[in-house]
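First comes the structure, then the notes that go with it.
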(Lines of atoms letter the chains of each structure in order from A and count residues from 1; the text may use other names and numbers.)
(Lines give C-alpha, C1' and ligand atoms only; values in the text may rest on other atoms or scores of the structure.)
Protein backbone atom coordinates (compact mmCIF):
# COMPACT_ATOMS: atom_id res chain seq x y z
CA UNK A 1 0.00 0.00 0.00
CA UNK A 2 2.86 2.38 0.83
CA UNK A 3 4.44 1.67 -2.56
CA UNK A 4 1.20 2.65 -4.26
CA UNK A 5 1.07 5.97 -2.40
CA UNK A 6 4.69 6.72 -3.29
CA UNK A 7 4.02 5.91 -6.92
CA UNK A 8 1.00 8.23 -7.16
CA UNK A 9 2.84 11.01 -5.32
CA UNK A 10 5.61 10.77 -7.91
CA UNK A 11 3.19 11.51 -10.76
CA UNK A 12 1.76 14.66 -9.18
CA UNK A 13 3.11 17.65 -11.15
CA UNK A 14 5.15 20.23 -9.31
CA UNK A 15 3.65 23.75 -9.11
CA UNK A 16 6.40 25.18 -11.30
CA UNK A 17 5.25 22.86 -14.10
CA UNK A 18 2.01 24.85 -14.31
CA UNK A 19 3.78 27.97 -15.53
CA UNK A 20 5.05 29.35 -18.80
CA UNK A 21 7.81 31.83 -18.10
CA UNK A 22 8.00 32.89 -21.75
CA UNK A 23 4.28 33.65 -21.85
CA UNK A 24 4.43 35.51 -18.52
CA UNK A 25 7.26 37.72 -19.78
CA UNK A 26 5.51 38.38 -23.10
CA UNK A 27 2.29 39.38 -21.35
CA UNK A 28 4.21 41.62 -18.95
CA UNK A 29 5.64 43.50 -21.93
CA UNK A 30 2.28 43.36 -23.77
CA UNK A 31 4.31 42.21 -26.76
CA UNK A 32 1.96 40.49 -29.20
CA UNK A 33 4.77 38.94 -31.23
CA UNK A 34 6.36 37.51 -28.08
CA UNK A 35 3.00 36.14 -26.93
CA UNK A 36 2.57 34.42 -30.29
CA UNK A 37 6.09 32.98 -30.05
CA UNK A 38 5.51 31.79 -26.47
CA UNK A 39 2.26 30.07 -27.44
CA UNK A 40 3.78 28.55 -30.57
CA UNK A 41 6.89 27.17 -28.87
CA UNK A 42 5.81 26.66 -25.28
CA UNK A 43 2.89 25.76 -23.10
CA UNK A 44 -0.09 27.44 -21.51
CA UNK A 45 -2.16 26.73 -18.40
CA UNK A 46 -5.83 25.92 -19.02
CA UNK A 47 -8.61 25.61 -16.42
CA UNK A 48 -10.26 22.19 -16.32
CA UNK A 49 -13.72 21.12 -15.22
CA UNK A 50 -12.37 17.63 -14.73
CA UNK A 51 -8.72 16.55 -14.88
CA UNK A 52 -7.72 13.72 -17.19
CA UNK A 53 -7.27 10.18 -15.94
CA UNK A 54 -3.72 9.74 -14.69
CA UNK A 55 -3.60 6.24 -16.17
CA UNK A 56 -4.56 7.40 -19.66
CA UNK A 57 -2.15 9.76 -21.44
CA UNK A 58 -4.77 10.30 -24.17
CA UNK A 59 -7.23 11.77 -21.62
CA UNK A 60 -6.31 15.45 -21.34
CA UNK A 61 -9.27 16.37 -19.16
CA UNK A 62 -12.33 18.48 -19.80
CA UNK A 63 -11.48 22.10 -20.55
CA UNK A 64 -13.54 24.80 -18.87
CA UNK A 65 -14.85 27.56 -21.13
CA UNK A 66 -17.03 30.57 -20.40
CA UNK A 67 -20.34 31.08 -22.23
CA UNK A 68 -21.91 34.53 -22.07
CA UNK A 69 -25.55 34.06 -21.02
CA UNK A 70 -26.79 36.99 -23.10
CA UNK A 71 -24.91 36.47 -26.37
CA UNK A 72 -23.99 32.79 -26.24
CA UNK A 73 -20.38 33.72 -27.08
CA UNK A 74 -17.82 31.17 -25.94
CA UNK A 75 -14.50 32.27 -24.43
CA UNK A 76 -11.38 30.28 -23.70
CA UNK A 77 -9.22 31.39 -20.79
CA UNK A 78 -5.47 30.75 -20.91
CA UNK A 79 -2.96 31.51 -18.16
CA UNK A 80 0.77 31.97 -17.98
CA UNK A 81 0.74 30.57 -14.44
CA UNK A 82 -1.76 28.53 -12.43
CA UNK A 83 -1.55 31.12 -9.63
CA UNK A 84 -3.08 33.71 -12.01
CA UNK A 85 -6.26 31.65 -12.38
CA UNK A 86 -9.11 33.27 -10.41
CA UNK A 87 -10.33 31.25 -7.44
CA UNK A 88 -13.92 31.29 -8.72
CA UNK A 89 -12.97 29.06 -11.67
CA UNK A 90 -12.87 25.28 -11.28
CA UNK A 91 -9.81 24.25 -9.26
CA UNK A 92 -8.28 21.93 -11.86
CA UNK A 93 -5.68 23.03 -14.38
CA UNK A 94 -3.85 21.40 -17.24
CA UNK A 95 -0.79 22.46 -19.18
CA UNK A 96 -1.02 22.21 -22.95
CA UNK A 97 1.17 22.87 -25.97
CA UNK A 98 0.61 24.66 -29.27
CA UNK A 99 -0.64 21.55 -31.07
CA UNK A 100 -3.40 21.14 -28.49
CA UNK A 101 -4.33 24.84 -28.65
CA UNK A 102 -4.49 24.79 -32.46
CA UNK A 103 -6.69 21.69 -32.43
CA UNK A 104 -8.97 23.05 -29.68
CA UNK A 105 -9.49 26.42 -31.39
CA UNK A 106 -10.22 24.73 -34.71
CA UNK A 107 -12.73 22.32 -33.18
CA UNK A 108 -14.75 24.68 -30.97
CA UNK A 109 -16.76 27.84 -31.70
CA UNK A 110 -14.58 30.04 -29.47
CA UNK A 111 -15.29 33.74 -30.06
CA UNK A 112 -12.51 35.19 -27.91
CA UNK A 113 -9.47 34.11 -25.93
CA UNK A 114 -8.42 35.79 -22.71
CA UNK A 115 -4.86 35.46 -21.46
CA UNK A 116 -4.34 36.00 -17.71
CA UNK A 117 -7.79 37.61 -17.55
CA UNK A 118 -7.42 38.53 -13.86
CA UNK A 119 -3.90 39.88 -14.32
CA UNK A 120 -1.27 40.72 -13.64
CA UNK A 121 -1.00 41.54 -17.37
CA UNK A 122 -4.22 40.55 -19.18
CA UNK A 123 -4.59 40.37 -22.92
CA UNK A 124 -7.39 39.39 -25.29
CA UNK A 125 -7.13 37.85 -28.75
CA UNK A 126 -9.39 36.58 -31.49
CA UNK A 127 -9.13 32.84 -32.13
CA UNK A 128 -8.33 33.50 -35.82
CA UNK A 129 -5.38 35.69 -34.78
CA UNK A 130 -4.08 32.98 -32.46
CA UNK A 131 -4.45 30.31 -35.14
CA UNK A 132 -2.55 32.53 -37.55
CA UNK A 133 0.20 33.06 -34.95
CA UNK A 134 0.40 29.34 -34.20
CA UNK A 135 0.77 28.52 -37.89
CA UNK A 136 3.36 31.22 -38.65
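Residue numbers (the numbering used here): 2 to 137. Built from N, CA and C at the ideal position, the CB exists for glycine as well. Just so we're clear, the structure is a prediction, and the values are computed from it rather than from any experiment.
**OP:** Given a cut-off of 8 Å, decide if residue 65 and residue 91 are closer than it, judged by their beta-carbon atoms.
**Re:** Cβ atoms of residue 91 and residue 65: closer than 8 Å.
Original post:
Secondary structure at residue 76, three-state DSSP: helix, strand or coil?
Top reply: The three-state reading of DSSP puts residue 76 in strand, counting E and B together.
Original post:
Who does residue 82 pair with in a DSSP beta bridge?
Top reply: Per the DSSP secondary-structure output, residue 82 pairs in a beta bridge with 20.
Original post:
DSSP puts residue 119 in a beta bridge; with which residues?
Top reply: Note: residue 119 sits in no beta bridge, so no partner.
**OP:** Have a look at 97, 79, 50, 93 and flag the residue whose alpha-carbon is nearest the alpha-carbon of residue 118.
**Re:** Of the residues 97, 79, 50, 93, the one whose Cα lies closest to the Cα of residue 118 is 79.
Subject >> Collapsed DSSP secondary structure at residue 32 in the structure displayed >> reply: Residue 32: coil per DSSP, three-state reduction.
Subject >> Validate contact between the region 67–75 and the region 16–27 using beta carbons, cut 8 Å, 3 pairs >> reply: No: the two stretches stay apart, fewer than three of their Cβ pairs being nearer than 8 Å.
Original post:
If you draw a straight line from the C-alpha of residue 131 to the C-alpha of residue 102, how long is it?
Top reply: Straight-line spacing of the CA atoms in residue 131 and residue 102 works out to 9 Å.
Original post:
Helix, strand or coil: how does DSSP classify residue 130 here?
Top reply: Looking at residue 130 - three-state DSSP - the assignment turns out to be helix.
Subject >> C-alpha distance - residue 29 paired with residue 83, whole-angstrom precision >> reply: Approximately 16 Å between the Cα atoms of the pair.
Subject >> Where residue 54 falls: helix, strand or coil (DSSP) >> reply: Three-state DSSP puts residue 54 in coil, outside helix and strand.
Original post:
Short check: CB of residue 25 to CB of residue 35, under 8 Å?
Top reply: Taking 8 Å as the Cβ cut-off, residue 25 and residue 35 do not qualify as a contacting pair.
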